[in-house]
Each structure stands twice: as C-alpha cells, then as structure tokens.
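Protein chains: 2
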Amino acid sequence: MARPLVRFNHYRIARPSSPHRLKNWRRRSSMRSSDNALPGAIATPVAVILAAGEGRRLRSGRSSLPKPLVRLRGLSIAERSVAQLLAAGVERFAVVLGCDATLVQHEFERVARRRRCHISFVEAANWRKGNGCSALAAAPLVGNSAFLLTMVDHLLTPEMIRKVLADPPAQDEVALAVDHDTENVFDFPDLTKVEVTEGRIAAIGKELTTWNAGDTGLFYCSTLLFDGLAKAHTHGKFSLTDGIKECAAQGGVRAIDVTGEAWLDVDTPEAFREGIRRIDAAMAKGGEDGFVSQYLNRPLSRRLSMALSRTRLTPNHITLLSFFMGLLGAVGLATTEPWSWIVGGIVIQIASIVDGCDGEIARIKLLQSPQGAWLDTVLDRYSDVTIGLAVTFAASQLHDAVWVWPAGFAATVSFLMASYVTKEFQIRFHRPYPNNLINKLKRRDLRIFVIAVGAVMGQPLVALLVIGSLTHLAVFQILVSGRHCTVVPSQVNRPRCTGPPIL
Amino acid sequence: MARPLVRFNHYRIARPSSPHRLKNWRRRSSMRSSDNALPGAIATPVAVILAAGEGRRLRSGRSSLPKPLVRLRGLSIAERSVAQLLAAGVERFAVVLGCDATLVQHEFERVARRRRCHISFVEAANWRKGNGCSALAAAPLVGNSAFLLTMVDHLLTPEMIRKVLADPPAQDEVALAVDHDTENVFDFPDLTKVEVTEGRIAAIGKELTTWNAGDTGLFYCSTLLFDGLAKAHTHGKFSLTDGIKECAAQGGVRAIDVTGEAWLDVDTPEAFREGIRRIDAAMAKGGEDGFVSQYLNRPLSRRLSMALSRTRLTPNHITLLSFFMGLLGAVGLATTEPWSWIVGGIVIQIASIVDGCDGEIARIKLLQSPQGAWLDTVLDRYSDVTIGLAVTFAASQLHDAVWVWPAGFAATVSFLMASYVTKEFQIRFHRPYPNNLINKLKRRDLRIFVIAVGAVMGQPLVALLVIGSLTHLAVFQILVSGRHCTVVPSQVNRPRCTGPPIL
C-alpha cells in the first residue's frame, strides 16, 4: 500500500517586532535556552501530537468547535498538550492535522507564538481511516530520530512525561507508558488494555480478556513504529493499536511503568468535566499556607482564579495587580482619617487574597516559572514595608510621642527579617524551614490580616506593633532553632571489608 | 615473633555536667548525629592515628614539647590531625601512643572533649623499633574492619581524605593515597617514593631510583596490612614502609591518586613554618568580598585573626563580640552629639572588621559550621537595622522635618532587601547571585564604611540616605535581572536512536 500523501507546513516563530515586556518576563527564558543550544545538539526528542481526529463524542456534547480548540479552564486542549510537554522539557513539536486542519493549525500556531516553541505541521490525507494513518503521516518529519508520540486530547503530568523521557527506546523498539492501576482509570470501558510480561507488551487491545495494565497513549518510539503501522496497513488495519500489535508481535514494544501518575483521555463530556476537576485540584497544590490563607484567602482566591482563568491576564499581571493594590491600601492607611483606614484595611486584605491568584493561575494555565515566583516574593516584601511605613506615618501625625517611629520601624523590620531568616535557613541547612506553628505565625497572610482588622477597628498602629512583636519572637525562635540543626552529611561509601563494629 | 604487648585505655567522652551553651552551639550537631546513628551501623571507618614517634627533628628546632602537643596557629598538631578527619566525616579514632604516652594521651583526651568524638588509645610497647611496630599495635582495636591509617604530624585537606574514603579497599587490599606531582612536594629529599603500575604499587621506598609518585602517608587498609607488618617483623624490619613492601610483593597495594591536594609532613622546623603559611593561606579563602572588605577590612582582620587564634575565643564568641560592638556603635550614633557620632562611627567600622574574624578563625581552627555561619549572617541583619534606626533617631531629634523618619526608614529597609534578594535569587535560580559590581555595591562592608565615614564627618543621616539609595538601586537591578535568568534544566537522557537532528 502506498504511503499517504503528506503536505508540509513548516512553521517557525519570528522574533516579536515590538517588545512585550511584561508578557515576556516568563517566556524569555525558554526562548533563550533554545537560542543558546549548540547547533545540532538534541537535548530532548521531538514530540509528535496527533490532532487529526474528529472528536465526535466530545463535540456532540459540548459545541461545534474542533476538539483541540475547546478550552479547559482558559487553555485550549491544543495549548495544554503543548504546555505539558514543554513543562517536561520537550522543545520541538510536530502536529499531525486532519479534521478541520486549517482551524487546528491556526490554533497551534497561536500556541507556538505564546509559548515560544517550534511546531511543524503535516496533514494526514486519509486520517478518516484511523489514527494509525495519522501517526504514519509524521514519518517524514522525524527522520531516524526517536520521538515522543501523544494524542492532543490526553492530559498528562510533566512528571509522567519526564519518566518516559528518562527511559528512551533502543534502536528497534517502541516504549509505551502503561498504568497498572486500571481500576482507577477514568472511563475504564474505553481503555485499551495491555498485557505486560517481563517488561514487554505481550498483547494489546480493547478486546483483551486478560490484562494487567492500561495503554496511556504516550509512546517513546524509534522508527520501528512506522514499519509496524505499514505492515498493519497491508492487512487493511489502520489504527495505532494495530501498528503497535505488529511491533509487539516481534517483541519490539517495551512497557514503561507510570502507575500512580494522573492521565486522562478527554474524549467525552464526562471526561471533560473530570479534566476541569483535576486542573482545579492541581491549582490547590501550592506552597504551604498559614492560618488565614488556609481558611479565608485560599477559598476565595481559588474561586477568583477560576474566574480569572477565562481572561487573558497572566500570572505576572496578577502579581503586579496585587502589588499595586497593596500600595493603594497603604495610601489609605497613611492618612489620619479613620474611614480611610477602613478602606485601606479592606484593600490590603483583598490584595492579600489576590496575591494567591498568581500562583493558582500559573498552575491552571501551566505557566509556572521561577521568574514569576521571584517577582511575586520580592514585590511582597516591598508591599509589606510600605504598609508598615504607612501605618507608622499616620500614627506619627496623630501622636507626638517619640516612641511611635522607632516602634513602627522595629515592627516593620520584623516582616523582612521573617522572610529573610527562612531563606537563609534553607541555604545554610539545605532544606526549607518546616511549616510549623512558628512559621505560620510569621507568614504574610496573618500579618496583613491583623493589620487590616486593626485598621478597620481604628487601631492600625496597635495591630502593627502586636503582629510585629509576634513576628520578632518567631524570628528569634527560628534563629535559636538553628543551633540544633544539622546538615545531612554527604554519603560516604562503606568499606568493602566486613566485620563487627568496633569501639 | 611475638606480637608487641598492648595496653588498652578506652576513653569515651561524658556529657558535660553543666551546659556550655555558647561553646556547644557548633558542636552539638556532630554529637547529635552520632547519637542518632543506628546501633552497629558503620558510616565511616575508624581512623588510626600514629602518635608514638619521638619527633626528634622538630623537637630540637622548636621546644621540648612532644610533637602532638606543639601548636600550629592555636591548635595542637594532635587536634589538627583529629579535626581534619572529622571535617571529612570520620567519627571514631584510635590513637597509638609511644613516646611521652601520658602527655600525648592527655592532649588527645582534651581534643575528644572539645570536638565531641570517640578516641580509643593503645600503647605500642616497642615503638622505638619503628613505626611498623606502632601500626601493628592498633590491630586489636580495629578488628576485621577496614580502617584509615595516618600519621599525627601530617596536615591533610578534608577533600583529600574524602577522596580516599570514597574508594575503600577490597577484602585483602591496602590502598595508599599517592601524589604524582612529586616535584612540588615539600621536603622532597625525605619523601618516600612510589612506583605505580596500572593503579597498583609496584615498589616503595626512599631509596627508589625510578618512581612516578610520592607516599602521602594516608592509607585505607584492610587487615592485610597487619599480615604484611608481621611478615616484615620476622625479617627484622620494623618500619611501616617495610610492611607495605611485603603487601605490595603480593600485589595487594592499590594507589589512590590524590595529586593536586595539599598535604604536608610537619617533620622539621621548615615544614612547621610551611604549615603555618598554608593555614594562613586557607584562612584567606572565604566568601567573595566587596571593595572595602578587600582593601581595608580583610588585611586588618587577617592579622587580628592570627593574633586571636592564640586565644581560646571561638568563632561564635567573635560573632557575638562583633554584634555587640555594632550595637554599642549604634548607641553612639543615636545621640545628638557630633563627638559621639565620631566614636560610634569608628566603633561600627571596627565591628565590621572584627566581623571578618569569625570565619577566619573558623578556617584556621577547623571549626567551620553552618550553625556558625547562620548565627553570623542573621545577627548582621539585626546590627544593620539597629545602626540605621540609631542614625535616623538622632537626626529626628535634631531636625523637625517630617521626611526624616520615612527617609531613614526607607534607607534602612534597603539593607534588609539587599540581603533578602540575593538569598531569594539563590533559592529561585539554584545558583548564587554573581559577585559583580551591583552585588559589591550592596554589600555590608561598603554600607557600614559609608555610614562610619559620614558619622565621623558629622553627617550620618546623609551617609545613610546615600548608601540606602544606592542599595535600593542595586536591589531593583537584581530584581529586574531575574527576568533574564534561567534555571539549568535537569539532564534528560538522550534517545539511544541516532540520526540527524530534525526541524
């Protein structure tokens, strides 16, 4: 049988003509790292994304949009498929088009611009016959190199992708990520079952009666796959599973165990809702929270993040929004009018809630970056200082006492010391300071809340001094705790001679 | 030939009856880690230290003290031999006594108390015959376990000891650390030469005419050594080298290459002076310094450290001394008297110089610890804040302007932000912020110097505001630099399939 006709659409992002400074804050880095790569050096394989299918089952239930364009919490399914691979270190992509090729390609081109990555396109002429035809269409794009193969509508965790990347296939081998915990697979009836024997795939298919794992739809392939697909074609079988069966018949398919990693085939309206549920659950997995954050800020910020995820706001926009709200609140606190304190107190508490959204949006939209976390934490320190300064300034205008400024000054300094000591602790002792009671007492959520409540009650300076004293005590306790801390010693090889321990 | 008579003196440190809080700050940790060790677990081998010799050549030149009691920059040679092994992770020691056994044992017992480690003793009856007899005397103490063997008068780097520990001997093997760079060995005429062939010792002795390495005097031995020594004894040869020759004749001695590591046999008055020179050179290898530190503080603090090393002051004593001097200087700056500012300015600059001594003393006396560095850096922050507060307070008493407090407050905050951002940078981007011009402008040495000079010239507030503004600019520059920073991606295995890079 002849190979399917392919049409090439090579697409490479151009440098932006005008600088989008804020937008680029997070993305510049990934661009740079690929720019600096040695010519010809392959750090990670290309990922082939199959996006040719019709997605009939989801389409009937949701809308008439092609599946890759459907949005899951603000990101199209196409963007999620690319972003999750980018997060795992993949840098180059080849997308196989079929149904609604123009629309889908346009969406992926948008993704390539936003995420600053390289995407090549190929159109599978006979994608209707089966996804094996779509996979075969990618052959000219991958050459002799090993490549990842995944479906556009599969939600995967970066950890799962990294596990697969860490275990590349041999010269004539296909590796398939399998999940042994089939009982907990979503939409079990639709699962492609797999029989794994001694680490290799003995049988695969939805119709298997004995199996011990499920096919996750993530492959790490050598070009053996194309031979298998071509052979299946000659037998009139056109699905990817048919090609894998041919490879497995030669003993050429290895299993990579990814049991325990969350993955989801977003195929039906039910799976779509499950996908949103999982994205929301992942959003909640932030850093460790303090008391106020846990019971007040997070429940509100999560709802806000879900709403904000529909907008074009990036996490850095939200970081800056929260920062300027904090400054605005500080202006309110710096006056001598009690009604202005009430407004200022409410504004800084809202800013503290919004401050949780940047990380949440980043997790929802797969935009986490050290640059974003860096901006967030440093601006929080400036915000803290400004609020302390404002409260002290207002009090100094009302009272003539000589102690007001030194006391407010000392209280505000405790906020910076609190952040400083935990960073210093982490660097000195090679582990984060535990999120114990002391740590929770000195966290930002509590200090902003106490000052906000104090301001609303007409006593911002008292609140500042109370939380400042508490924070100083916590810092002192952390300082003293350092004398009991040890650095885990580096492992030293044990002597090969054996004998009873002496001394 | 009969084995030499041995006398056991098992010595184990007791818990101190009264708490020596400050002294224990650094040492508590090592005590804890050994207390928590599983019973019977051997993390590192016991180190046998030969301290039986007469040390005639050094003694004639220096004093009548036994060699292990001679002090090198404040630490006895005995304490250095134990401390350098402790720094490499060795926890248990066996010392072979001979000449002046009572005095030497007393010194090692003092070391065991100070350094909180376990030392066993054995007296070699016939140590005068040769150091082979001394080594043989250790046999009952090490049982069947592999052990390190070293001479009390050898200065070794912890890195060199770690290299040897990482390469334990096989069941019937002796490993000898060798230095291939024999041209740069101190006191070359006295060097025991070694011929290494394919990683094994083919010949050893001072009389060799062809050689390619030198014997460093650091061994990692199985009990094969005792067989070799006993065999040499039967031939009437009593040196350690004779025993090694016997082992090498069976092909049982492996070479561990430690070329490039500094080691020194402190055998003669010349070597003694060389040892002091090397300790002083190691003292200088601290963190990266700023301008004032490099050209003013360090040259003075090094001389001071050499003088202080003769006293019983620990690095933590000096940290606290510098901290309280800083507070004292701040009291001087907090008054409204210009003469008091001059005194305060001079005192804070001296405190800044003394602040360099804690790390230097720690390196001289092999007392470095993360706990000590932790105390030092956190107290420095409190000192900075107190000085800024004092200067602002004094100015607020003299001027009635409303801007004095906010300006002094903002300037002081920059000092904390400067320390905070570099720690945060290190945590976010997994590397220290480079010691570039920006970093040097925001370092503590410069800010204290500027305030001290300003105070002496009668303008402490101006100096505070100038250095505060400069520091804020540096912090802002560091904040902005974060957007260009990337985290080095974790290594991903390359695919085993080969082919031309695509895309």
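As given, the protein sequences belong to chains A and B, one line each in that order. First residue of the first sequence? That's 1 in my numbering, and the numbers climb one at a time after it. First residue of the second sequence? That's 1001 in my numbering, and the numbers climb one at a time after it. All C-beta atoms, glycine included, are put in the ideal place defined by N, C-alpha and C.
Taking a C-beta distance under 9 Å as the contact criterion, Asp376/A and Arg447/A do not qualify as a contact pair.
Judged by DSSP secondary structure, Arg254/A falls within the beta strand (DSSP E) whose first and last residues are 253-257. Thr1192/B and Ile1204/B have their C-alpha atoms roughly 7 Å apart. Here Phe1393/B has Ala1334 as same chain residues with Cβ atoms under 7 Å from its own Cβ, once five neighbours each way along the sequence are excluded.
The region 74-87 of chain A and the region 364-372 of chain A touch, with three or more beta-carbon pairs separated by less than 8 Å.
Annotation note: the region 96-146 of chain A contains the following uninterrupted beta strand (DSSP E) runs of length 3 or greater, listed N- to C-terminal: 118-124. Where Trp1263/B is concerned, the enclosing beta strand (DSSP E) starts and stops at 1263-1265. The beta carbons of Leu1072/B and Leu1156/B sit no closer together than 9 Å.
For Tyr382/A, the secondary structure class from DSSP, reduced to helix, strand or coil, is helix.
If you look at Asp1179/B, you'll find it in the beta strand (DSSP E) that goes 1174-1179. Judged by DSSP secondary structure, Cys1357/B falls within the alpha helix (DSSP H) whose first and last residues are 1357-1364.
A straight line joining the alpha-carbon of Trp1211/B with that of Leu1065/B spans about 36 Å. Val253/A has a beta carbon lying at 9 Å or more from every beta carbon in chain B. Rounded to whole angstroms, the gap between the alpha carbons of Ile1467/B and Leu1473/B is 10 Å. A direct Cα-Cα distance of roughly 57 Å separates Lys1067/B from Ala373/A.
When Cβ-Cβ separations below 9 Å define contact, Tyr1433/B makes no contact with chain A. Excluding five sequence positions before and after Val1462/B, the CB atoms of its chain that fall closer than 7 Å to its own CB belong to Gly1454, given in chain order. Pairing Leu1224/B with Ala1135/B gives a Cβ-Cβ distance that is not under 9 Å. Ala94/A has its alpha-carbon roughly 8 Å from the corresponding atom of His118/A.
If the five residues before and after Ile77/A are omitted, its C-beta is found closer than 7 Å to the C-beta atoms of Lys67, Pro68, Val70, Val152, Asp153, Val266, all from its own chain and listed in chain order.
Taking 9 Å as the cut-off between beta carbons, the residues of the region 1374-1401 of chain B near chain A are Trp1374, Leu1375, Thr1377, Val1378, Leu1379, Arg1381, Tyr1382, Val1385, Gly1388, Leu1389, Thr1392, Phe1393, Ser1396, Gln1397, in sequence order.
Proximity of chain A to Arg1428/B at the Cβ level (cut-off 7 Å) is accounted for by Pro370, Ala373, Trp374, in chain order.
Gly260/A has its alpha-carbon roughly 8 Å from the corresponding atom of His180/A. Neighbours of Phe1323/B across chain A, judged by C-beta separation under 7 Å, do not exist; the nearest C-beta is about 12 Å away. Judged by DSSP in its simplified three-state form, Ser81/A adopts helix. Pairing Ser1305/B with Asp1380/B, the inter-Cα distance amounts to about 19 Å.
Sequence-distant partners of Val456/A (beyond 5 residues in either direction) whose C-beta falls short of 8 Å from its own C-beta, in its chain, are Trp341, Ile342, Gly345, Ile346. Against chain A, a Cβ distance below 8 Å from Leu1416/B picks out Val413, Leu416, Met417, Tyr420. Assignment of His317/A by DSSP, reduced to helix, strand and coil, places it in the helix class. The beta carbon of Asp1215/B sits closer than 6 Å to those of Thr1192, Val1194, all from its chain and outside the five residues before and after it, given in chain order. The C-beta distance from Glu424/A to Val1378/B rounds to 6 Å, short enough to meet the 8 Å contact threshold.
Between Cys247/A and chain B, the shortest Cβ-Cβ separation is not below 9 Å. Ala1390/B has its alpha-carbon roughly 13 Å from the corresponding atom of Val1413/B. Boundaries of the beta strand (DSSP E) harbouring Glu195/A: 193-197, taken from the DSSP string.
Under the three-state reduction of DSSP output, Tyr295/A falls in the helix class.
The distance from the Cβ of Ala1213/B to that of Thr1182/B is about 7 Å, consistent with a contact at the 8 Å cut-off.
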